[in-house]
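Visitor: Residue numbers (the numbering used here): 1022 to 1122.
Backbone N, C-alpha and C fix where the C-beta goes; we use that ideal spot for every residue, glycine too.
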Amino acid sequence: MSQYLLAFRGGMPKSPEEGAKMMEAWNTWMGELGDALVDPGAGLGKSRFLTGPGQEETAGNPLSGYTVVEAADIEAALEIAGRNPIFSLGGTIEVAEQLKF
1022 MSQYLLAFRG
1032 GMPKSPEEGA
1042 KMMEAWNTWM
1052 GELGDALVDP
1062 GAGLGKSRFL
1072 TGPGQEETAG
1082 NPLSGYTVVE
1092 AADIEAALEI
1102 AGRNPIFSLG
1112 GTIEVAEQLK
1122 F
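Next comes the structure, spelled out in structure tokens:
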């Protein structure tokens, strides 16, 4: 089994009601992960993007959060990510295997 970082982009609620509905769906998704959930992660605030020392650009699609899961392979991690409710708000998820050094 390997660990996978699920990096969330976008998908931010536009109203408190939408936020409450999303949190309920998010908590349901997290509960369904069971032992696959390694790190629930966190939501992320405003970010800045560096391309080199002192070279800052505007991030076009900034990170909005992350979670770490354990799965047999990338396909299983993608299946886990595909059930996340962020898609209902137009968000996306990047899935990457965490390498062991």
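Using a Cβ-Cβ cut-off of 8 Å (strictly less than) and excluding sequence neighbours within five positions of Leu1027, which residues of its own chain qualify?
Guide: Locating residue 1027 in the sequence shown gives position 6, where the first residue counts as 1. These residues qualify, in order along the chain: Gly1062, Tyr1087, Thr1088, Val1089, Val1090, Ala1098, Ile1101, Ala1102, Asn1105, Ile1114, Glu1115, Val1116.
Visitor: Given a threshold of 16 other Cβ atoms within 10 Å of its Cβ, counted over all protein chains shown, does Ser1085 qualify as buried or as exposed?
Guide: In the sequence shown, counting from the first residue as 1, residue 1085 sits at position 64. With 16 or more Cβ atoms within 10 Å of its Cβ, Ser1085 is classed as buried.
Visitor: Could you tell me which of Glu1053, Asn1082, Gly1073 sits nearest to Lys1131, measuring between CA atoms?
Guide: Outside the modelled stretch of the chain, which goes from 1022 to 1122, sits residue 1131, for which no answer is possible.
Visitor: Taking only the alpha-carbon atoms, compute the straight-line gap between Thr1079 and Phe1070 and give it to the nearest angstrom.
Guide: Taking the first residue of the sequence shown as 1, we reach residue 1079 at position 58. Taking the first residue of the sequence shown as 1, we reach residue 1070 at position 49. Their Cα atoms are separated by approximately 6 Å.
Visitor: Are there any heavy atoms of the ligand NAP lying less than 6 Å away from the beta-carbon of Asn1048, as far as the coordinates show?
Guide: Ligands in the displayed structure: none, and consequently the ligand NAP is not present.
Visitor: Please classify Phe1029 as buried or exposed, where buried requires at least 16 neighbouring CB atoms within 10 angstroms.
Guide: Counted from its first residue, the sequence shown places residue 1029 at position 8. Counting Cβ neighbours within 10 Å, Phe1029 comes out buried, since at least 16 surround it.
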